[in-house]
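Asks:
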Amino acid sequence: MVALDVEPVHGVKALAMWWYKVGSLSALIMPSNKSVSDAPIFQFTNCRILRNHELQREDLWVREGKILNPEKLFFDEKGSADIQLNCKDSIIAPGFIDVQINGGFGVDFSLATDDFKSGIDLVSQKILSHGVTSFCPTLVTSPPSVYHQILPQISIRNGGAHGAGILGHSVANLSQAEEAVQHGATFITHLFNAMLPFHHRDPGIVGLLTSDKIPAGRRVFYGMISDGIHTNPAALRIAHRAHPKGLVLVTDAIAGMGLAPGRHTLGQQVVEIDGLNTYIAGTKTLSGSVATMDACVRHFLEATGCSVETALEAASLHPAQLLGIEHKKGTLNYDSDADFLMLNDSLYVQATYIAGEQVWRQDTLGM
Numbered sequence: 010m011v012a013l014d015v016e017p018v019h020g021v022k023a024l025a026m027w028w029y030k031v032g033s034l035s036a037l038i039m040p041s042n043k044s045v046s047d048a049p050i051f052q053f054t055n056c057r058i059l060r061n062h063e064l065q066r067e068d069l070w071v072r073e074g075k076i077l078n079p080e081k082l083f084f085d086e087k088g089s090a091d092i093q094l095n096c097k098d099s100i101i102a103p104g105f106i107d108v109q110i111n112g113g114f115g116v117d118f119s120l121a122t123d124d125f126k127s128g129i130d131l132v133s134q135k136i137l138s139h140g141v142t143s144f145c146p147t148l149v150t151s152p153p154s155v156y157h158q159i160l161p162q163i164s165i166r167n168g169g170a171h172g173a174g175i176l177g178h179s180v181a182n183l184s185q186a187e188e189a190v191q192h193g194a195t196f197i198t199h200l201f202n203a204m205l206p207f208h209h210r211d212p213g214i215v216g217l218l219t220s221d222k223i224p225a226g227r228r229v230f231y232g233m234i235s236d237g238i239h240t241n242p243a244a245l246r247i248a249h250r251a252h253p254k255g256l257v258l259v260t261d262a263i264a265g266m267g268l269a270p271g272r273h274t275l276g277q278q279v280v281e282i283d284g285l286n287t288y289i290a291g292t293k294t295l296s297g298s299v300a301t302m303d304a305c306v307r308h309f310l311e312a313t314g315c316s317v318e319t320a321l322e323a324a325s326l327h328p329a330q331l332l333g334i335e336h337k338k339g340t341l342n343y344d345s346d347a348d349f350l351m352l353n354d355s356l357y358v359q360a361t362y363i364a365g366e367q368v369w370r371q372d373t374l375g376m
């Protein structure tokens, strides 16, 4: 660490020493002349940031939990960085967004328990090490009574009057699927699973990937579990090449994600975890996914031969676009939320930030 022994500038010296105590990045305190806000400005240097669909060799600026436009800082505010942080050539990418996660680390989102919210909190903390900064907790098919118990505990706001625009686990033919899209459906739940098999005269829901009857300005998204278990790499490549901008990586993880290999009782079911395979105990019947999002990104990159940028956006930009929150999540655009990751060239997560604050880092990270 490099830290200049200077007098505090707007109280920044103490904050810089906090970064030092948590063992984050090499920090250099610099004087600043800000006319808009006294909040400290962080400049992440020596990094490659994912912006506008490509890795760019430029700095990332953060203030008050938002991505800052340095030109406005320099020319309008006449300001500069309070703290410079050397990222040592790391990749900086938007935080991952998992839109289909049923649990993890022994917690099942489909079980109504007295400490349900603490279970949500546990999972939200644990998945930080895998780069997930936002997620949608999902429930497996359950009786209506379970939905009535659990949904009020995880819903931040009431749902819309017209329900969710989701397709999947359906035997709809292509014509029916196209009609659903014309009426507002936008997302196919993990493609190929529990739907009509592809047929050249009626490809079913899969045909939406290349349909010419999608309304103008509308995009159909589809989820893929890229763990090498639930989707054959060839099927993954076919889907990606047919409709790359709609692919959304999901984990569809169950409570077994993050647990050690061996036998576990998850709810009322006993399962065997063997690597990325989860079987109903005593059988070879798959029982859900235990994949983590960062592992899905790496497998997607390897299986499809796509660019690093494409792999990262399938877990960040695309889910944000699906949810309609791309103005604040899923990108590193100016004024968006400073939810981002530092990764090495192999796409292993080194550190995770939410609202500009480091919430997880690799213990062995020499920074």
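Taking the working numbering, the leading residue of the sequence shown gets 10, the next gets one more, and so forth. Just so it is clear, CB atoms sit at the ideal spot from N, CA and C, and this is done for glycine as well. If you're wondering where the values come from, they're calculated on a predicted model, not measured in any experiment.
1. What do you get for residue 13, buried or exposed, if any count of 16 or more other CB atoms within 10 angstroms of its CB means buried?
2. Name the residue from 303, 273 and 246 whose alpha carbon lies nearest to the alpha carbon of residue 313.
3. So if DSSP puts residue 56 in a beta bridge, which residue, or which two residues, is it bridged to?
4. Can you give me the C-alpha to C-alpha distance between residue 191 and residue 141, rounded to a whole angstrom?
5. In the DSSP assignment, what residue or residues form a beta bridge with residue 148?
6. Please report the distance separating the alpha-carbon of residue 79 from that of residue 267.
7. Hey, does residue 182 have any beta-carbon neighbour from chain D nearer than 9 Å?
8. According to the neighbour-count rule (16 or more other Cβ atoms, all chains shown, within 10 Å of its Cβ), is residue 308 buried or exposed?
9. Could you work out which residue in 59, 196 and 178 is closest to residue 332 when comparing CA atoms only?
10. Could you check the C-alpha separation between residue 88 and residue 367 for me, to the nearest Å?
11. Any chance you could list the alpha helix (DSSP H) runs of at least 4 consecutive residues sitting entirely within the stretch 197-262, in chain order?
12. Going straight from the alpha carbon of residue 118 to that of residue 179, what length do you get?
13. Below 9 Å between beta carbons: does that hold for residue 149 and residue 111?
14. Assuming residue 358 is part of the beta strand (DSSP E), what are its boundary residues?
15. Looking only at its own chain, which residues have a Cβ that is under 8 Å from the Cβ of residue 122, when we skip the five neighbours before and after it?
16. What are the boundary residues of the alpha helix (DSSP H) that residue 289 is part of?
17. Tell me which same chain residues have a C-beta within less than 6 Å of the C-beta of residue 60, skipping the five on either side of it?
18. Assuming residue 64 and residue 318 are in contact, meaning their beta carbons sit under 8 Å apart, how far apart are those beta carbons, in whole angstroms?
19. When you compare only the Cα positions, how much space is there between residue 25 and residue 53?
20. Thinking C-alpha only, which one of 227, 57, 336 and 242 is nearest residue 315?
21. Pull up the CB-CB distance for residue 133 and residue 359, whole angstroms please, since I reckon it's below 8 Å.
22. On the three-state DSSP scale, how would you describe residue 330?
23. Identify, in the order they occur along the chain, each residue of the same chain with its Cβ nearer than 6 Å to the Cβ of residue 56, setting aside the five sequence neighbours on each side.
24. Once the 5 residues before and after residue 283 are set aside, which same chain residues still bring their CB inside 7 Å of it?
25. Taking 9 Å as the threshold (C-beta atoms), are residue 273 and residue 113 in contact?
26. Considering only their Cβ atoms, is the gap separating residue 345 from residue 75 smaller than 9 Å?
Replies: By the coordinates alone:
1. Low per-residue confidence applies at residue 13: pLDDT is 30, beneath 50, and the placement is therefore not dependable, though the value from the model is reported in the following sentence. Exposed, by the Cβ-count rule.
2. 246
3. 99
4. One C-alpha to the other measures close to 32 Å.
5. Residue 148 pairs with nothing; no bridge assigned.
6. 39 Å
7. No chain D is present in this structure, which holds just one protein chain.
8. buried
9. 196
10. 24 Å
11. 242-251
12. Going from the Cα of residue 118 to the Cα of residue 179 covers about 23 Å.
13. yes
14. 358-363
15. 128
16. No alpha helix (DSSP H) contains residue 289, which is instead part of the beta strand (DSSP E) from 286-289.
17. 341
18. 6 Å
19. Only weak support exists for where residue 25 lies, its pLDDT of 42 falling under 50; the value from the coordinates is given anyway. Taking the straight line from one Cα to the other gives about 13 Å.
20. 242
21. That pair is no contact at about 20 Å.
22. Helix, per DSSP.
23. 96, 99 and 101
24. 270
25. no
26. yes
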